[in-house]
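Chemist: The listed protein sequences correspond, in order, to chains A and B. Sequential numbering from 578 applies to the first sequence in the working numbering. Sequential numbering from 578 applies to the second sequence in the working numbering.
Number of protein chains: 2
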Amino acid sequence: MSINKTLVFGHINPDTDSIMSSLVMANLENQLGNEAKAVRLGNINKETEYVLNYLNMSAPELVSDVADGQNVILVDHNEKTQTAQNIENAVVKKVIDHHTMNFVAPYQLYYRAEPVGCTATVLYKMYKEYDVPITKNIALMMLSAIVSDTLLFKSPTTTQEDRPIAEKLAKIAEVDLTTYGTALLKAGTDLSDYTPAQVINIDSKLFEKGGKKFKIAQINTADIDGVFKDKVYFEAAINDEIKKENLDLYVFAATDILNSNSKIISLGNDSGIVEKAYGVTLDNNTALLENVVSRKKQMLPKILENLD
Amino acid sequence: MSINKTLVFGHINPDTDSIMSSLVMANLENQLGNEAKAVRLGNINKETEYVLNYLNMSAPELVSDVADGQNVILVDHNEKTQTAQNIENAVVKKVIDHHTMNFVAPYQLYYRAEPVGCTATVLYKMYKEYDVPITKNIALMMLSAIVSDTLLFKSPTTTQEDRPIAEKLAKIAEVDLTTYGTALLKAGTDLSDYTPAQVINIDSKLFEKGGKKFKIAQINTADIDGVFKDKVYFEAAINDEIKKENLDLYVFAATDILNSNSKIISLGNDSGIVEKAYGVTLDNNTALLENVVSRKKQMLPKILENLD
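(1) Taking C-beta to C-beta, are B/P588 and B/T698 nearer than 8 Å?
(2) Look up A/L639 in the DSSP assignment and give the residues it is bridged to.
(3) Assuming B/K790 contacts B/L824 (C-beta within less than 8 Å), just tell me the rounded distance between them.
(4) Looking at the secondary structure, which residues open and close the alpha helix (DSSP H) in which B/A887 lies?
(5) Mind checking B/Y707: buried by the 16 CB within 10 Å criterion, or exposed?
(6) Counting only Cβ pairs nearer than 7 Å, list the residues of chain A close to B/F680.
(7) Would B/E638 and B/V672 be called neighbours here (beta carbons separated by less than 8 Å)?
(8) Please list, in chain order, the chain A residues whose beta carbon lies closer than 9 Å to that of B/E691.
(9) State yes or no: is the C-beta of B/I819 within less than 8 Å of the C-beta of B/F829?
(10) Would you mind working out which of A/L877, A/E691 and A/D807 sits nearest A/A854, comparing C-alpha positions?
(11) Any idea what DSSP makes of A/S595, helix, strand or coil?
(12) Using only CA atoms, which one of B/N633, B/L618 and B/T832 lies nearest to B/F805?
(13) Near B/L835, what residues of its chain come up, given a Cβ to Cβ distance below 7 Å and the 5 sequence neighbours on each side ignored?
(14) With the cut-off set at 8 Å, would you say B/L866 and B/N883 are in Cβ contact?
(15) Against chain A, with Cβ distances strictly below 8 Å, would B/E738 count as a contact?
(16) Could you name the residues of chain A that B/H588 contacts, counting a contact when the two beta carbons are closer than 8 Å?
(17) Between the C-alpha atoms of A/S599 and A/E606, what's the straight-line distance to the nearest angstrom?
(18) Taking all protein chains shown into account, decide if A/G788 is buried (16 or more other Cβ within 10 angstroms of its Cβ) or exposed.
(19) Listing by chain order, which chain B residues have their CB less than 7 Å from the CB of A/L881?
(20) B/I723 lies in the alpha helix (DSSP H); which residues open and close that run?
(21) Output yes if chain B places a C-beta closer than 8 Å to the C-beta of A/H654; else output no.
(22) With distance defined between alpha-carbon atoms, name the residue in A/V869, A/V870, A/L826 and A/N868 nearest to A/G849.
(23) Mapping DSSP to helix, strand and coil, what is A/E867?
(24) Check the Cβ of A/E612 against every Cβ in chain B and list those closer than 7 Å, keeping chain order.
(25) At the 8 Å Cβ level, is B/D706 part of the contact set with chain A, yes or no?
(26) Rounded to whole angstroms, what's the CA-CA distance from B/I777 to B/L761? Just pull it up for me.
(27) On the premise that B/L881 lies in contact with B/N862, defined as a C-beta separation below 8 Å, what is that separation, rounded to the nearest angstrom?
(28) Between the stretch 617-633 of chain B and the stretch 644-652 of chain B, do three or more beta carbon pairs fall short of 8 Å?
(29) If you drop the 5 nearest sequence neighbours on each side, which residues of the same chain put their C-beta closer than 7 Å to that of A/V693?
(30) With H, G and I counted as helix, E and B as strand and the rest as coil, what does DSSP make of A/Q875?
(31) Which residues does DSSP list as the beta-bridge partners of B/A830?
(32) Please return the same chain residues whose Cβ sits closer than 6 Å to the Cβ of B/D726, not counting the five positions on each side in sequence.
(33) Which residue from B/G619, B/E691, B/I793 and B/N797 puts its Cα closest to that of B/T766?
(34) How far does the beta strand (DSSP E) with B/I648 in it extend, from its first residue to its last?
(35) Helix, strand or coil for A/F805, going by three-state DSSP, please let me know.
Written out as structure tokens, the structure reads:
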């Protein structure tokens with residue numbers, strides 16, 4: 578792949594925000610005269626597939642690493658553990674994000690992160706700042722990302738900026754926000770094509786702190802009991818990963834988008850951390866976390882806090 | 578000091594950009610309804626004093642550390658080695674910067690950095706984005722920061738964005754850009770009130786890489802021979818610091834703003850690095866670096882590159 582064209586990508590195990598924000602940011606760059614191309618670092622999930630089908634678009638090209646000297650733009654992530662291989666030999670020109678930060682660059686770059694619910698919320702503001710028109714398709718992409726990241730504004734990660742922007746985008750995209758949003762989230766709960774090993778990797782993120790390595794995986798569902806019928810298969814797949822990647826903890830959360838709870842499987846030497854963190858008792862490796870739907874706000878901080 | 582009001586500050590050993598951008602950012606926050614106050618982490622230099630006198634303003638309050646839980650906004654820096662003490666227990670709400678990055682935050686925040694010549698260039702764009710009026714005084718503050726950081730557009734750190742913005746600001750501030758800019762830079766070369774130990778600390782920055790600690794100090798001058806009359810006193814002051822702070826290298830650069838060269842004193846166990854980096858031979862600890870005026874672009878990278 579040419580290193581002249583800037584590659585734009587979100588995190589590994591891309592979610593809807595990572596894919597849509599790559600496409601939306603690449604379009605912004607191209608509109609501003611900077612040649613850029615969206616790519617992806619992993620498989621498209623069912624929710625994202627719904628958006629691509631709706632727009633009759635194909636998915637961005639799949640890549641796993643970047644060439645030495647390649648110009649890249651990171652969206653929806655900044656940490657080394659969540660990005661392309663060989664990133665240390667690429668040149669990060671820009672970062673557009675809304676996550677916690679752990680970022681080092683020995684050169685100046687454009688870095689824009691805001692404490693909002695979705696990368697697309699930041700991108701909407703950048704389109705306005707640079708006075709680049711938001712087409713119907715671009716609006717639907719941004720809208721889909723916001724609906725996905727905020728669980729249609731039910732997640733505590735939602736900020737007061739996300740909803741008004743989503744409402745504006747729904748108008749431009751000519752869709753009813755609730756109808757489209759509900760259909761999108763529902764599409765994301767379809768696990769029928771996945772093996773258990775694939776389900777736990779639909780949206781898993783690796784974190785490291787003080788020598789400890791752990792993963793938190795999350796899926797959305799409208800049928801939590803249906804998901805847990807496959808519990809033993811998930812456990813086997815999780816234990817495989819723990820062994821293969823030397824993890825201290827693996828938390829798999831099935832988030833009930835109807836009732837806003839999460840049922841988890843916690844495995845690994847540090848699996849007990851979730852008991853301390855949430856005041857629950859693991860029953861056969863599982864527990865129900867009431868009112869917990871956000872990995873970023875309600876899972877990651879609690880686990881970091883209770884890690885030795 | 579109240580932890581409710583957000584404190585805005587630039588780096589230790591503040592230069593004109595650090596002081597002016599603190600004031601300009603605090604004003605932006607206040608205009609947006611967020612209570613904020615500019616403070617400073619060190620003495621005001623002569624150049625900054627010139628701006629404050631011009632505006633008949635007093636310097637921001639001096640602080641050295643921040644309280645636990647204090648909300649802060651960093652301008653013109655992001656690295657731990659260059660900020661207030663106890664920063665790890667404060668809450669960084671925003672960062673506005675134009676430097677290389679080495680930043681970690683276990684929470685979401687507003688981070689905006691651009692690869693431009695001056696923090697004030699970024700702030701100008703933020704005023705525009707938020708549609709906050711730029712008053713005559715605010716314009717002069719931003720302008721002064723840009724003139725200072727770009728050495729009136731002679732430094733290679735100058736980007737194509739800095740000059741057009743400075744020109745707009747000069748109009749709002751009702752000053753002639755070249756006349757005001759030259760007077761400002763000249764004011765910054767007045768060392769008459771300083772002891773040698775103070776001169777080397779007017780604008781020194783500490784860097785660390787792979788266990789090595791080094792400082793690069795810089796002053797501007799229109800009389801390089803006059804400065805070097807005090808060479809032995811500078812050397813004594815530098816050696817004191819090397820000992821006190823366990824430094825591997827101390828580079829003191831007197832930058833000739835008329836001829837765009839820098840004459841340096843290099844001391845410490847790794848003083849020879851500058852010979853490798855610039856193909857020069859140290860003569861009695863000094864060397865002339867032709868066409869070198871920027872610490873950020875022409876000194877720091879060369880030293881990092883040649884550090885073992």
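Here a beta-carbon is modelled for each residue, glycine too, at the ideal position from N, C-alpha and C. Just so it is clear, the structure is predicted and the values come from calculations on it, not from any experiment.
Modeler: Judging by the given coordinates:
(1) According to the sequence shown, residue 588 of chain B is His rather than Pro. Their beta carbons are not under 8 Å apart, which means B/H588 does not touch B/T698 by this criterion.
(2) Paired residues: A/R617.
(3) Confirmed, Cβ separation roughly 5 Å.
(4) Residue 887 of chain B falls outside the range modelled here, since chain B spans only 578 to 885, and no answer is possible.
(5) Here B/Y707 is exposed. Its C-beta has fewer than 16 other C-beta atoms within 10 Å.
(6) Those are M678 and F680, listed as they occur along chain A.
(7) Contact flag unset, no.
(8) Against chain A, the beta carbon of B/E691 has neighbours under 9 Å at Q685, L686, Y687, Y688 and R689, listed in chain order.
(9) Contact flag unset, no.
(10) Nearest of A/L877, A/E691 and A/D807 to A/A854, Cα basis: A/L877.
(11) For A/S595, the secondary structure class from DSSP, reduced to helix, strand or coil, is helix.
(12) Among B/N633, B/L618 and B/T832, the Cα nearest to that of B/F805 belongs to B/T832.
(13) Take B/L835, set aside five residues on each side of it, and the residues of its chain with a beta-carbon closer than 7 Å to its own are A799, in chain order.
(14) Taking 8 Å as the Cβ cut-off, B/L866 and B/N883 do not qualify as a contacting pair.
(15) Taking Cβ atoms only, chain A never reaches closer than 8 Å to B/E738, which makes this a no.
(16) Under the 8 Å cutoff, chain A gives no residues; its nearest Cβ is about 15 Å from B/H588.
(17) Taking C-alpha positions only, A/S599 is separated from A/E606 by approximately 11 Å.
(18) Looking at its Cβ environment, which holds fewer than 16 other Cβ atoms inside 10 Å, A/G788 is exposed.
(19) Per Cβ cutoff of 7 Å: P683.
(20) K713 to T727 is the span of the alpha helix (DSSP H), which, as asked, contains B/I723.
(21) Answer no: the Cβ-Cβ gap between A/H654 and chain B never drops below 8 Å.
(22) Nearest of A/V869, A/V870, A/L826 and A/N868 to A/G849, Cα basis: A/L826.
(23) In the structure shown, A/E867 sits in coil (DSSP, three-state: anything other than H, G, I, E or B).
(24) The contacting residues do not exist; A/E612 stays about 18 Å from chain B at best.
(25) It is worth fixing the name first, because residue 706 of chain B is Glu in this sequence and not Asp. Yes, B/E706 counts as interfacial toward chain A.
(26) Just so you know, the alpha carbons of B/I777 and B/L761 end up roughly 20 Å apart.
(27) Between B/L881 and B/N862 the Cβ distance is about 21 Å, and since that is not below 8 Å, they are no contact.
(28) Between the stretch 617-633 of chain B and the stretch 644-652 of chain B there are fewer than three C-beta pairs closer than 8 Å, too few to call the two in contact.
(29) Closer than 7 Å at the Cβ level, and outside the excluded window around A/V693, lie H675, V699, T736, E738 and D739.
(30) Here A/Q875 sits in helix by DSSP.
(31) According to DSSP, which records beta bridges pairwise, B/A830 is partnered with B/Q795 and B/I841.
(32) In its chain, beyond the 5 residues on either side, D594, G694 and C695 have a beta carbon closer than 6 Å to the beta carbon of B/D726.
(33) With distances taken between Cα atoms, B/T766 lies closest to B/N797.
(34) In the sequence on display, residue 648 of chain B carries Asn and not Ile. Boundaries of the beta strand (DSSP E) harbouring B/N648: N648 to V652, taken from the DSSP string.
(35) Assignment of A/F805 by DSSP, reduced to helix, strand and coil, places it in the helix class.
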